[in-house]
Structure formats: structure tokens, C-alpha cells
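Residue numbers (our numbering), protein chains in the order written: chain W, 7 to 104; chain D, 6 to 395.
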């Protein structure tokens, strides 16, 4: 019998948010869930940091608490870690590379 | 009819109610601060601060220092004040004494280093005067006071994402309860409204108050821009970011949960004497030890304070009740965490249940129970400046 993969918990704050907050440290390939939704993590994510709930193209708005909290400064894929390396208060200077 | 919630406080002759009965030793400038410390460290019942300012200041900056110090002296947790002057400083004790007299009729005594003749004579005379004040203070007795006499500051420091997801929600719940009970809570730290100011402005009781919220936030950003600085170079801190907060906007959106949901009744300037019931905003900086001092100068008898990373800081005059939503911080640094809200993230307790129990703790602290930083004797302040902290 195949062992069921453990599911790690995350919090979705508002319905229109495109990030979740993970409540436990997450390793690449682990399944993270908020409510009925599940995401496969693409990389290691520290506890209480953000995971992309969907693809967030470079230059588009990152939503948390239902509000804009900044912009993606690189293309972010669903399941990736969202932090200062790929998000900022301002959109990337000079635009996004195609 | 159920009896309104009460606590045991000190009713002062100026009509305000204190929850502590300190004698405050207040240096007029940096040059007299160590001498002031030699006095208050050696008199049981006395507390004090270090004053980094008081000289070498332009007029506008000096006015901010004067307003803070006079407000701290007037705080109802203070029975009486001993001013420790140098003699040649800008902020002479006469000026400070005059400003305190404009706010309260409590006793104020003075020593001056250049007039007393050196450190040893000033410390001896200062100790004698401080001990006299403590003896008078001890005659004050706690009496039953309605919860509506409470002015509760709110603050966050060393935030991480749990602050916005847990601890600040519990603070907001308590602010709603305080407003409903006729008490006051203060939402502060203007730089941490940036990016969330539209949400906060919608909570204002009137359009005019909403406009004032937008104005203090715009002015805050412009002040840094005028200096060629970006507020975001100092906030969020590296520690906030290591904890998982990416941008100032994200931090602000978590911070404003402290305001709860009741209408915001007023926007006050830094250190303004708070005389409005319900939830009010005070325009302070966001360096926590400074904003706590500003609210204390405005009359807050205690502050409820969320931390994610964990900070032991406290205020020497008004207890700072420390909350965390971070379970690791709550256990690893339990010697300075007063209230753990992490059960809300594990969905073991609701925010409302935690808010109810925090309100009970506030009443106990108001009645004399010490918070953890007080047990250590920890109490720091920073002072607001023209070129302010962010």
C-alpha cells in the first residue's frame, strides 16, 4: 500500500490573494494545503514565508490580505517561494526581461 | 445590571488615573542622564530615562523633545518628578517644569549639577529629594476605577508574518472591546500605515478623519523624500525580512489589524494628550521604543505589543504587555513573552477567545500585576526627532 504524503498547512488570508503563508518549513516537492486547495512546493520555503498560489508574471501585483503588497520582479511560478529575491514594493526598474 | 469592568488604579489630583505609582527621575539633557541614573538606580520606587537630547537642537526638534518629556512626566503612572539639570543646556529645567505645570499639578522637584557642585553632591541631593517623593507616593492607595479610564497603546516590534496573522488580530479584538467599554486605544506607527492607509482611512468615523489619516501618511513619506531617503531603506528591517515580511506594504497590512474594526475617532499628533474615547490614531514613528514612549507621553498607562522575532524592550513608566503569535518565540523566549496567541494559528483557540483572555490580563496588569519586562527592570525609550525614525 502506498503511504499517503504528508500535507503541510498554509494560510490563505483573502480569496483574491495570490500567495499563501506557510505555517511550517517546507521542502521542495512537499504538498502544501490551504483549505481544499493543494500546491506542490517547488523549493525550500522557510516557516511563515510565502508560497505562490499561482503563476505571478514579472511586473504583476502580489496580493496578500486581499491588498497589493508589491510587485513580482521576476516571473514567479506556482509553488515557488515569494520573497525579496522576486518581489518588491516597486515594479522592476526598466521593466521585465522578455 | 452587570457591574462595569473595574481595575484598581491610582486616582491623581489632576483627575487622571494611573496603574503604577512611580517617581520619575528626568534628566533635561544627555549630559545629566548618567547622574540621573545614579539617582534612580539607588532609590526604590524611582524610575528614569536617558535623554539623548536637550541641547544642540534646532527649535522644532527641541519642541518635540520638550513635548515628549513633559508628557512622560504628566503620565498618570507617575506620582511625582525629579528633574536633573546640568545648568548650561538649551532645555533648562525651568522650561521643562513650566511645560509639566501646563499639563498637571503633580509635585516636581529639581537638582542642577552646576549649581549643586559636581556629581556626588547632585546625586546625594537628588536621592534625598527622590526619597521624599517616594515617601509621599506611598501614601497613595489603589482604588476601584472603571475600565473607561484606561488608555491602552498598541504597538508592534520585531514583527514577523505571525504578527499580522495572529497577535495583531488579538490586539485588534481587544481594541474593539475597549472601545465598546468606553475606554481608549491608540493605533500608532505612521510609517507602518504606508500601503495600508486606504484601508485604515475607511475605518475613520468621518471623512475628515479619514483624510487626516491619508495626510499623516503622505507627510511621513514626503519628509523622507525631502531628505533624499526612501523610507523603505529602513523599514522593513533585515530581521522582519528574515522572518518572512517582504515589503513595507505587506508589513503595514499586517500592522493595521491592531486597529480592530471600530470607527477611528481622532488623529492626534505625537505625544498629544489623549482625551478621546474609542480607537484613535497617533502620528508616531515606527521605531517601537520610540512610538511606545510617544503614546506614554500622550497618557497611555500601558501598551499591548506584538512581536514575532521577539524583543524584551519595555517602557520604564508604562508596562508593555508582550504578545507573540510565533510559537517558537513564545517558548524559546518565554522569559519576556507575556501572552502567546499562536493557538489561533493552530486553530485551537479563536481570536475572540484570546481577546477575552487578554482583556482580563490587561485588567490584572492595570491593578498591579507586573509584566515580564518590569520584573527585569527593563525600560528603554527613544525620542522622536525632526529627522525621525522610520
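No residue lacks a Cβ here, since even glycine has one placed at the ideal position from N, Cα and C.
These numbers come from a predicted model, not from an experiment.
message: For residue 160/D and residue 290/D, I'd like the C-alpha separation in whole angstroms.
response: 11 Å
field: Interface partners of residue 356/D on chain W, CB under 9 Å
entry: Under the 9 Å cutoff, chain W gives no residues; its nearest Cβ is about 13 Å from residue 356/D.
message: Which residue marks the beginning of the alpha helix (DSSP H) containing residue 381/D, and which one marks its end?
response: 377-381
task: Could you pull out every unbroken beta strand (DSSP E) segment of at least 3 residues lying fully inside the region 80-166 of chain D, listed in chain order?
output: 83-90, 113-117, 148-151, 156-161
query: If you compare alpha carbons, which of 18/W, 66/W, 28/W, 44/W is closest to residue 51/W?
result: 28/W
Which listed residue (15/W, 30/W, 61/W, 92/W) has its alpha carbon closest to that of residue 85/W: 61/W
query: Hey, quick one: how far does the beta strand (DSSP E) through residue 30/D stretch, first residue to last?
result: 27-32
- request: Alpha carbon to alpha carbon, how far is residue 34/W from residue 188/D? Give it in angstroms, no decimals.
  value: 49 Å
CB contact below 7 Å: residue 237/D versus chain W: yes
task: Please look up how many angstroms separate the CB atoms of residue 68/W and residue 24/W, rounded, as I've assumed it's under 8 Å.
output: 6 Å
query: When you compare only the Cα positions, how much space is there between residue 26/W and residue 265/D?
result: 22 Å
field: Same chain, Cβ closer than 7 Å to residue 340/D, five either side skipped, listed in chain order
entry: 377
task: Determine which residues share a DSSP beta bridge with residue 269/D and list them.
output: 209/D, 284/D
message: Please classify residue 173/D as buried or exposed, where buried requires at least 16 other C-beta atoms within 10 Å of its C-beta.
response: buried
task: Answer yes if the region 246-256 of chain D comes into contact with the region 89-99 of chain W, meaning at least three C-beta pairs across the two stretches below 8 Å, and no otherwise.
output: yes
field: Interface flag, residue 91/W vs chain D, CB-CB below 7 Å
entry: no
query: What is the DSSP secondary structure of residue 66/D, reduced to helix, strand or coil?
result: helix
message: Restricting to runs no shorter than 4 residues, where is the alpha helix (DSSP H) found entirely within the region 282-324 of chain D?
response: 293-302
task: In angstroms with no decimal places, state the Cα-to-Cα distance between residue 62/D and residue 277/D.
output: 21 Å
message: With the cut-off set at 7 Å, would you say residue 321/D and residue 373/D are in Cβ contact?
response: no
task: Mind reading off the beta-carbon distance from residue 326/D to residue 343/D? Whole number of angstroms is fine, and I expect it under 8 Å.
output: 5 Å
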